[in-house]
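Working notes, structure below.
Residue numbers (this note's numbering), protein chains in the order written: chain A, 1 to 708; chain B, 1001 to 1121.
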């Protein structure tokens, strides 16, 4: 890309030099023509500027002196003479050589260049020239892009930014500057609106607002000044360090409000003392007596707050990073929060019934607090999965040694957090899966080499959040699954009929069935025919799902999708007749109406057209054998199950409900499509539906119906 | 909708470089060869920003900035000038004429984008 630009520059320079020559010859004839002098100057200027930009540094350096001389000519300080024209013409030739430089005769050229430069410099130092003022050594705005050295300590600055009223006229947007400050670190910004006049006197093109910013950053003051570099001259800017970020010394608290105001120069010490004799809060006192404005007090208070928080945080960090609590207590806490959620929803319902404004207010407050409490409590139970991951390193190492394979385990997303109980129950299934990858998946080094793969195999273990779920992936670059072998095996074991039509995905899922094993020899690692079905059971118990993707010879990826938590979920409350059910909200996509007319159009097929897509649905009324008449308009709740859209028809959708999951008693444990129950606000019990199981069951029922 | 930036420079290579860099960063670019050309192209164009060289024939950068600031639609847009280091007083003159900021030549593409982000948001 850069070469392109260089070529473009070369071409342009050639043109410019030709034009320069013509101009110079013209200038020789009419030495006083300002227009021509301007042309010469601009040509030199462009060659210099662009040259440096495209890497022709020698050209730029050389042209600099020529340009400087012509700048003087332009301002009438040097007059055009024959020697000057001659010198410039030879300079043109030199520039041309430098641009087309192929590297030959460089030394010789350098001598000439040197001589020309010297001559030009001599002209500059000639007595008629005033002192040299225009080589500006001030630091340039953007030419220095290298990051300033990072300061380890967090320093808090007080920045007072008062732009000139006319600042908008230069196209400056102060909010962008404030945003840029925010990028430097945590920032408290307070607007000072004291100088805003009455509306009738406001000129909308002027800026009346100033800002007080308290910024905590690891960068130094120059980084802050850089933000304001373009407006330096058109604003009033003060930057002071107010907290060095060191350990807290003897002073326990940050300065008092009055001290801050005095230090800022908003207030003088005597006046403060006079006012302090009163008894009201100092802030309101000062405002009342009109010495400082409300905005100034607010800004100072913000500063106080900012520093206090910073110091507090540091103190907390220094003293206690974490505390250990018995897991039992946490479980108790979660249970109690669960009860509280139930009580809270009863309160909300009651308050809605009484329609008393003050009661509703309290109920809403309680609702907000409970939700916060719930989230907080849940997050306490969250643990990073990393500890589990690191246990597998050893497992992989030992197993690969046993089997004579070379395998590395790569883990990603160790910081992903999951509910403690989920993590505990995940350990065994993960061990199974990793064993499978190592034993069945990764081939022996010599086999791998023959297949053109690196001798060392990799098992990748990763975890990531996605909405209310966590994805855990185990992938290997091994032999992959062979659908034909799996199929043959399944037929042999009598799991499927020999003529069954199965998709690849369905074939892979056969491996999850009880009593299935593809390994032809049984090793002490895996292949005893237990394993995958155990994995499936554990994951099912966690309300999760398993997906397998594989390519023969390339590898296998198994994805476990797990809910973040198992104690409280967001649910959708639905109603059939007078019975209430809960559907987990995470899986639900939308709710649409199903009219009798729609049903009639479908000719008895349980299919609905939802925005052009045909969606099969399950009539829960029929499935659960509810009596009574079907209402005129029913509702379809659509959910995505294993990648397909499935609708569930209910009478009514009641609304969202925070669902505390209670497990069913032993009597009802075997009912597959009910995953639990919850207590509603009014004390009623609603069953929690397992949509995935429901869909599977409906499919089985339909197949049976078709066969009959 | 991507923002429109006008680059004004009599040097084709600088224009090409600026234009390429800006387009790469997702901006729309209008090119002009000098102040006069720029003004004629402003008409009917919704411009979000102007980047102009200072030394140009016909109408120079300072003249262009003044002329742009006189147009209601360009009164408050960011205008950045390209200067060389030896032009401290030009910088001042530009600011007085209403320039928002400046970029010192020679500059690298990243520096250009940094300034554009700074003034355009």
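Ideal Cβ placement from N, Cα and C applies to all residues, glycine included. It should be emphasised that the depicted structure is a prediction, and the values quoted were computed from it without experimental measurement.
- Listed along chain A are 170, 230, 233 and 234, each with a C-beta nearer than 9 Å to that of residue 1095 of chain B.
- A straight line joining the alpha-carbon of residue 617 of chain A with that of residue 365 of chain A spans about 40 Å.
- In terms of Cβ geometry, residue 1093 of chain B and residue 1051 of chain B do not form a close pair [threshold 8 Å].
- Residue 1119 of chain B has its alpha-carbon roughly 19 Å from the corresponding atom of residue 1071 of chain B.
- For residue 1077 of chain B, the chain A residues whose Cβ falls inside 9 Å of its Cβ are 171, in order along the chain.
- Listed in chain order, the positions of the region 1016-1034 of chain B with a beta carbon within less than 8 Å of a beta carbon of chain A are 1016, 1017 and 1020.
- Put simply, the region 644-651 of chain A does not touch the region 670-677 of chain A. Fewer than three CB pairs are less than 8 Å apart.
- Counting along the chain, residue 1029 of chain B sits inside the beta strand (DSSP E) bounded by residues 1028-1032.
- Bounds of the beta strand (DSSP E) holding residue 617 of chain A are 613-619.
- Contact check for residue 56 of chain A and residue 99 of chain A: beta-carbon distance about 6 Å, within the 8 Å limit, so the pair qualifies.
- With respect to the C-alpha of residue 236 of chain A, the residue from A:167, A:349 and A:206 having the closest C-alpha is A:167.
- When DSSP assignments are scanned along the region 596-678 of chain A, the uninterrupted stretches of beta strand (DSSP E) that are 3 or more residues long and fall wholly within it turn out to be 607-610, 613-619, 633-641, 644-650 and 652-660.
- For residue 580 of chain A against residue 686 of chain A, the beta-carbon gap comes to about 4 Å, under 8 Å, which counts as contact.
- In the three-state reduction of the DSSP assignment, residue 322 of chain A falls in the coil class.
- Rounded to the nearest whole angstrom, the CA to CA distance from residue 639 of chain A to residue 648 of chain A is 8 Å.
- Shown here, residue 684 of chain A sits in coil according to DSSP, grouped into three states, outside any helix or strand.
- Proximity of residue 1058 of chain B to chain A, defined by a Cβ-Cβ separation below 8 Å, is not satisfied.
- Under the DSSP definition of a beta bridge, residue 212 of chain A partners with A:160 and A:190.
- Taking 8 Å as the cut-off, the beta carbon of residue 445 of chain A is found no closer than this to the beta carbon of residue 535 of chain A.
- Take the alpha-carbon of residue 420 of chain A and the one of residue 371 of chain A: they are about 20 Å apart.
- If you look at residue 98 of chain A, you'll find it isn't in any beta strand (DSSP E); it sits in the alpha helix (DSSP H) that goes 82-99.
- Residue range 545-551 is occupied by the beta strand (DSSP E) that includes residue 549 of chain A.
- Residue 1004 of chain B and residue 1046 of chain B do touch by the CB rule: their CB atoms are close to 6 Å apart, below 8 Å.
- Sorting A:629, A:651 and A:583 by C-alpha distance to the C-alpha of residue 594 of chain A places A:651 at the top.
- If the five residues before and after residue 1042 of chain B are omitted, its C-beta is found closer than 8 Å to the C-beta atoms of 1006, 1068, 1071, 1073 and 1074, all from its own chain and listed in chain order.
- For residue 457 of chain A, DSSP records a beta bridge to A:407.
- Considering only A:360, A:405 and A:341, the residue with the shortest C-alpha distance to residue 378 of chain A is A:341.
- Sixteen is the threshold: since fewer than 16 other Cβ atoms of the shown chains lie within 10 Å of the Cβ of residue 485 of chain A, the residue is exposed.
- In this structure, the alpha-carbon of residue 24 of chain A lies about 8 Å from that of residue 88 of chain A.
- Using a Cβ-Cβ cut-off of 9 Å, residue 1121 of chain B is close to 173, 175, 176 and 179 of chain A, given in chain order.
- Closer than 8 Å to the CB of residue 9 of chain A there is at least one CB belonging to chain B.
- The way I'd put it, the region 285-302 of chain A does touch the region 257-277 of chain A; three or more beta-carbon pairs between them come closer than 8 Å.
- With respect to the C-alpha of residue 392 of chain A, the residue from A:432, A:354 and A:357 having the closest C-alpha is A:432.
- The beta carbon of residue 587 of chain A sits closer than 6 Å to the beta carbons of 639 and 691 from its chain, once the five residues preceding and following it are set aside; these are given in chain order.
- In this model, residue 217 of chain A and residue 697 of chain A are separated by some 59 Å (Cα to Cα).
- Excluding residues up to 5 positions away in sequence, 610 and 636 lie with their Cβ nearer than 6 Å to the Cβ of residue 592 of chain A in the same chain.
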